[in-house]
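Worksheet: one structure, shown below.
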Ligand SMILES: Cc1cc2nc3c(=O)[nH]c(=O)nc-3n(C[C@H](O)[C@H](O)[C@H](O)COP(=O)(O)OP(=O)(O)OC[C@H]3O[C@@H](n4cnc5c(N)ncnc54)[C@H](O)[C@@H]3O)c2cc1C
């Protein structure tokens with residue numbers, strides 16, 4: 117990969133129950149870095165998880181490039197990660213869910229906002245096609261449920277692959293090493309062909 121291509125790429129450094137993702141944003145003016153790890157200290161009623169100290173501890177055994185990146189990571193924000201299993205209950209009477217309310221997903225495919233936008237397009241078009249909102253809601257949910265569910269569960273799976281330990285990690289590394297940097301076969305279904313929600317008249 118040329119230096120130029122590398123600087124524009126999304127870089128993911130995978131480790132046991134953790135990873136670091138790096139990519140340029142705002143036309144390369146900013147470089148975004150997010151460190152993710154499964155905290156050993158998480159409890160819902162405490163704030164003592166995911167601290168800077170735990171970040172340092174968990175990434176202490178990482179390779180040099182990752183350790184060099186750590187001091188440049190802002191420590192002022194952190195997010196616990198939640199998802200849910202797909203649900204069929206997108207519509208209830210005059211209420212239709214969309215976005216995270218309909219399909220909360222983990223971030224590993226970077227699709228949360230993308231799927232919310234696809235929902236919005238599909239819902240807008242359905243409301244334009246049917247005079248009765250109940251028909252529009254049913255058509256919208258029918259069009260979107262399966263794809264959103266596939267991405268929701270796919271994101272979780274991708275995270276599990278990223279955080280593998282031991283033999284699983286060895287197999288993952290061997291598989292990834294056999295791929296070229298432009299080989300997106302495993303995830304290209306997310307982006308191609310263009311989603312029906314966007315292409316439908
Ligand atoms: C750090 C981070 C990085 C992300 N990166 C990506 C990415 O690269 N790509 C991607 O596609 N997605 C990404 N996402 C996910 C994306 O932000 C969400 O999936 C998306 O914002 C969901 O949109 P939404 O409209 O469903 O919900 P939200 O954006 O959460 O909007 C819900 C709104 O409702 C408001 N609200 C809540 N309760 C009430 C109430 N009772 N009354 C009135 N208003 C209320 C909230 O204040 C909020 O403004 C990222 C998320 C995070 C946290």
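Numbering (my numbering), first residue to last: 117 to 317. We put the beta carbon where it would ideally sit given N, CA and C, even for glycine. Keep in mind it's a predicted model, so treat the numbers as computed, not measured.
- Residue range 282 to 293 is occupied by the alpha helix (DSSP H) that includes residue 287.
- Put simply, the backbone Cα of residue 133 is about 20 Å away from that of residue 163.
- Remark: fewer than three beta-carbon pairs, one from each stretch, lie closer than 8 Å, so the region 231 to 243 and the region 168 to 176 are not flagged as touching.
- Per DSSP, reduced to three states, the secondary structure at residue 259 is helical.
- Here the distance from the Cβ of residue 299 to the nearest heavy atom of ligand 1 is not below 7 Å.
- Close CB contacts of residue 258 within its chain, under the 8 Å cut and outside five residues either way in sequence, are absent.
- C-alpha of residue 151 to C-alpha of residue 223: approximately 12 Å in a straight line.
- Annotated as distal: residue 248 and residue 220, with beta-carbon spacing of 8 Å or more.
- In this structure, the C-beta of residue 216 approaches ligand 1 to less than 7 Å from one of its heavy atoms.
- With fewer than 16 other beta carbons inside 10 angstroms of its own, residue 157 counts as exposed.
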